[in-house]
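The block underneath contains the structure these notes are about, expressed in structure tokens.
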Amino acid sequence: MFPTRGASHLDDALRETLAHAARAPFYKKLWGEKARSVMSRAELARLPLLDKLTAAEHQEALRVPGIRATHDFAEAGVVSSATTRTGRPLRILRSVDEAVPAANEADITPHRTLVIFSPRHGVRSADGPGRIGLPATLHPNTVDVALDLLGGREPRIRFLVAPLSTLKWMTVAMEKRGVDLGSFGIGAIGTTGYPLTDHARRWLGRAWSAQLFDNYSLSEIPGYAGECESCEYQHWHGPPVIAELVDPLTGRVIDGKEGELVLTTLVPAVLRMPLIRYRTGDYVERGPACRSRSGIRFLGRVGHSLFARRDGRSRPVVLSRDLLELGESAVDVAMHPHPAETLGRVPPSDLGVPKILVDTSARRIRAELRYAPERYPEAAAYQKRRAETRGARNRAARTREPRSHEVGPEAVADFNLDHASSTWQR
């Protein structure tokens, strides 16, 4: 699906990768001698899938012995963390040998974690556009840092890349100061992290007078899939990977247009902790060929969506992306705050994403909708009346009453969204 290099080259890299990964205790025990029989991508499905929870539980055993990696960024590279819904996070350790090639592919600087410039090593020149990455960790002086970097320096920054949650918070914080974001002359903004909804694309595009591009990436995998202006699907950039589509419920490889994305990293881009047939947990659509390669479009998180078996295949009934669109476009819907806001490090902005809980056994979705009453007094009063009315009706029917309680400055209410499910029937 991401044919970044020739087919024969990828098959050669796959065989080399499997021989290398077989040295890791986890794969050695899981595969036995199976990996020796895999000679091409077409035979990769002979090996079992790896999900994030299993990888997190056995992460020490997934590391290939004899390859040095350390937490000293100045010496040995990168540590990435991928959160899991339960249990410990999956920490991906990368050595210098793999971090530098990955950085060369992606045109970023390894070891620089707060602000990243292009060209490499933080040296700016007039022969190319500059790139600035807003920091993902928010603190009170972040706005001052960004304002200093974006305004008045030469050459001017024309392209901005930022985690979507950070960009939203930064946009609100700057507008509160009366900053005209369009005056920076940013031509394009690439977002990472949460998917870019149509609502967020319109709002941020107007605020910055810039074109927005939704980029798909994972903390566990080097590289990213960038949105293409021509076909509007996302093409892979960075070290090559092998991509498969599987049925989200059965895990079987499918030839259809939609499915759960499974990725396999390849040497030499990944040496310390290879991920073989790694389930991303993301439901995607395969795009048409564009510029001699195909792409994907993110449709939703498998764990936050509902699927039904029809015609021998798992098909989506409700996708999490639809819920994000619903939550972000409703003025009276309060949003799940950025983690930094919860910790009190920055003022609340109500600009995160809804917290979605899926009960697949009952075939229903619950969303935790947050709002700040002092920001939206009319919406707060409406939601309070709605919760009280529903509570009285539920008590009369002897059913469970929806909960409403105070959490710090925010009011939180749980609502059953079954009544709106017909909106997302596919």
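What the sequence shown shows, in the working numbering, is residues 145 to 570, in sequence order.
Where is the CB? At the ideal position from N, CA and C, for every residue including glycine.
Worksheet item: With 16 other CB atoms within 10 Å as the buried threshold, where does T394 fall?
Response: The sequence position of residue 394 within the sequence shown is 250, counting from 1. By the 10 Å Cβ count, T394 comes out exposed.
Fill in: G425 versus R445: straight-line alpha-carbon distance, rounded
Within the sequence shown, residue 425 is the residue found at index 281, counting from 1. Within the sequence shown, residue 445 is the residue found at index 301, counting from 1. Computed Cα separation, rounded: 6 Å.
Practice prompt. Please say whether R459 and A452 have beta carbons closer to each other than 7 Å?
Written response: Here residue 452 corresponds to residue number 308 of the sequence shown, with the count starting at 1. Here residue 459 corresponds to residue number 315 of the sequence shown, with the count starting at 1. Their beta carbons are under 7 Å apart, which means A452 touches R459 by this criterion.
Worksheet item: Would the beta-carbon of P307 fall within 7 Å of that of T336?
Response: Taking the sequence shown and counting its residues from 1, one reaches residue 307 at position 163. Taking the sequence shown and counting its residues from 1, one reaches residue 336 at position 192. Yes. Within cutoff.
Worksheet item: Taking the alpha carbon of P392 as the point to measure from, which residue in G210, I333, G456, R232 has its own alpha carbon closest?
Response: As a working note, residue 392 is residue 248 in the sequence shown. The shortest C-alpha separation from P392 is found at G456.
Worksheet entry | Between the CA atoms of L348 and A189 - distance to the nearest angstrom | Position 45 of the sequence shown, counted from the first residue, corresponds to residue 189. Position 204 of the sequence shown, counted from the first residue, corresponds to residue 348. About 41 Å.
Worksheet entry | Backbone secondary structure at H103 - three-state DSSP | Outside the shown range of the chain (145 to 570) lies residue 103, about which nothing can therefore be said.
Item to complete: Grab the span of the alpha helix (DSSP H) containing S152 for me, first residue to last.
Response: In the sequence shown, residue 152 corresponds to position 8, counting from 1. S152 -> alpha helix (DSSP H) spans 151-165.
Worksheet entry | Simplified DSSP state of S363, which is helix, strand or coil | If you number the sequence shown from 1, residue 363 lands on position 219. Of the three classes helix, strand and coil, the one that applies to S363 here is coil, per DSSP.
Worksheet entry | Contact the stretch 199-206 vs the stretch 155-175: 3+ CB pairs below 8 Å | yes
Fill in: Assumed close pair R302, G334 - CB separation to whole angstroms, cut-off 8 Å
Taking the first residue of the sequence shown as position 1, residue 302 is located at position 158. Taking the first residue of the sequence shown as position 1, residue 334 is located at position 190. Actually they are not in contact, since the Cβ atoms of R302 and G334 sit about 12 Å apart, beyond 8 Å.
Worksheet item: Below 7 Å between beta carbons: does that hold for T142 and E469?
Response: The question about residue 142 has no answer here: the residues shown for the chain are numbered 145 through 570.
Discussion item. To the nearest angstrom, how far is the alpha carbon of H164 from that of L415?
Written reply: For the purposes of this step, residue 164 is taken as the residue at position 20 of the sequence shown. For the purposes of this step, residue 415 is taken as the residue at position 271 of the sequence shown. Cα-Cα distance, rounded: 8 Å.
Fill in: Neighbourhood of V323 by C-beta distance below 8 Å, restricted to the same chain and skipping five residues each side
Reading the sequence shown from its first residue, position 179 is the one you call residue 323. Around V323: L291.
Practice prompt. Rounded to whole angstroms, what's the CA-CA distance from T286 to L311? Just pull it up for me.
Written response: Reading the sequence shown from its first residue, position 142 is the one you call residue 286. Reading the sequence shown from its first residue, position 167 is the one you call residue 311. Taking the straight line joining both Cα atoms gives about 11 Å.
Discussion item. Taking the alpha carbon of V289 as the reference point, which residue from R300, M314, S309 has its own alpha carbon closest?
Written reply: Counting from one through the sequence shown, the residue named residue 289 turns up at place 145. Ranking R300, M314, S309 by Cα distance to V289 puts M314 first.
Discussion item. Taking the alpha carbon of G431 as the reference point, which residue from D399, S309, R207 has its own alpha carbon closest?
Written reply: Stepping through the sequence shown from its first residue, residue 431 is reached at position 287. The shortest C-alpha separation from G431 is found at D399.
Discussion item. Is the beta carbon of L194 closer than 7 Å to that of R396?
Written reply: Along the sequence shown, one-based indexing puts residue 396 at 252. Along the sequence shown, one-based indexing puts residue 194 at 50. Against a cut-off of 7 Å, the Cβ pair of L194 and R396 comes out as no contact.
Item to complete: For the beta strand (DSSP E) holding Y422, just list the boundary residues, first then last.
Response: On the sequence shown, residue 422 is found 278 positions in, with the first residue counted as 1. Residues 422-430.
Worksheet item: Helix or strand or just coil, what does DSSP make of R185?
Response: What you label residue 185 is simply residue 41 of the sequence shown in a count that begins at 1. It is helical.
Worksheet item: Looking at V411 and E187, is the spacing between their C-beta atoms short of 7 Å?
Response: Residue 187 sits at position 43 when you count from the first residue of the sequence shown. Residue 411 sits at position 267 when you count from the first residue of the sequence shown. Result no, Cβ atoms of E187 and V411 do not sit closer than 7 Å.
Fill in: Best match in P418, R321, L389, S363 for proximity to P233 [C-alpha to C-alpha]
In the sequence shown, residue 233 corresponds to position 89, counting from 1. Closest by alpha carbon: S363.
Worksheet item: Whose CA, out of S438, S327, M318, lies closest to the CA of R300?
Response: Stepping through the sequence shown from its first residue, residue 300 is reached at position 156. Answer by Cα proximity: S327.
Practice prompt. Please check if any C-beta of chain B sits within less than 7 Å of the C-beta of R529.
Written response: The structure shown has no chain B; it contains just one protein chain.
Worksheet item: When you compare only the Cα positions, how much space is there between E177 and Q378?
Response: One-based indexing of the sequence shown puts residue 177 at position 33. One-based indexing of the sequence shown puts residue 378 at position 234. So the two alpha carbons sit approximately 36 Å from each other.
Worksheet item: Alpha carbon to alpha carbon, how far is L467 from R212?
Response: Numbered from 1 along the sequence shown, position 323 holds the residue referred to as residue 467. Numbered from 1 along the sequence shown, position 68 holds the residue referred to as residue 212. Taking the straight line joining both Cα atoms gives about 43 Å.
Worksheet item: How long is the line joining the alpha carbons of G295 and L325, rounded to whole angstroms?
Response: For the purposes of this step, residue 295 is identified with residue 151 of the sequence shown, where counting begins at 1. For the purposes of this step, residue 325 is identified with residue 181 of the sequence shown, where counting begins at 1. Straight-line Cα distance between these residues: approximately 10 Å.
Worksheet item: Can you give the beta carbon distance from A354 to G331, rounded, assuming they're within the 8 Å contact cut?
Response: Here residue 354 refers to the residue found at position 210 of the sequence shown. Here residue 331 refers to the residue found at position 187 of the sequence shown. The Cβ separation is near 6 Å, so the contact holds.
Worksheet item: In terms of residues, what are the limits of the beta strand (DSSP E) holding F442?
Response: Translated into positions along the sequence shown, residue 442 becomes position 298. Element bounds for F442: 440-445.
Worksheet item: What did DSSP end up calling H379 once you bin it into helix, strand or coil?
Response: Mapped onto the sequence shown, residue 379 falls at position 235. Strand.
Fill in: R576 versus H381 - alpha carbon distance
A query on residue 576 cannot be resolved here, the shown segment of the chain reaching from 145 to 570 and no further.
Fill in: Own chain partners of S464 with C-beta closer than 7 Å, once the 5 adjacent residues on each side are dropped
Residue 464 sits at position 320 when you count from the first residue of the sequence shown. Within the same chain, S464 has close Cβ partners G444, R445, H448, S449, I500.
Worksheet item: According to DSSP, is L415 helix, strand or coil?
Response: Here the question's residue 415 lines up with position 271 in the sequence shown. In this structure, L415 counts as coil in the three-state DSSP scheme.
Discussion item. Assuming the contact rule is C-beta atoms closer than 8 Å, V390 and V406 should be a hit. Round their C-beta distance to whole Å, please.
Written reply: Taking the sequence shown and counting its residues from 1, one reaches residue 390 at position 246. Taking the sequence shown and counting its residues from 1, one reaches residue 406 at position 262. Yes, V390 and V406 are in contact; Cβ-Cβ is about 5 Å, under 8 Å.
Worksheet item: Going along the chain, which residues of its own chain have a beta-carbon closer than 7 Å to the beta-carbon of L175, five neighbours each way excluded?
Response: Residue numbering aside, residue 175 sits at position 31 when the sequence shown is read from its first letter. The identity of residue 175 in the sequence shown is Trp, whereas the question assumes Leu. A166, L191, listed in sequence order.
Discussion item. Quick check on A151: buried or exposed, where buried means 16 or more other Cβ atoms within 10 Å of its Cβ?
Written reply: Translated into the one-based positions of the sequence shown, residue 151 becomes position 7. It counts as exposed.
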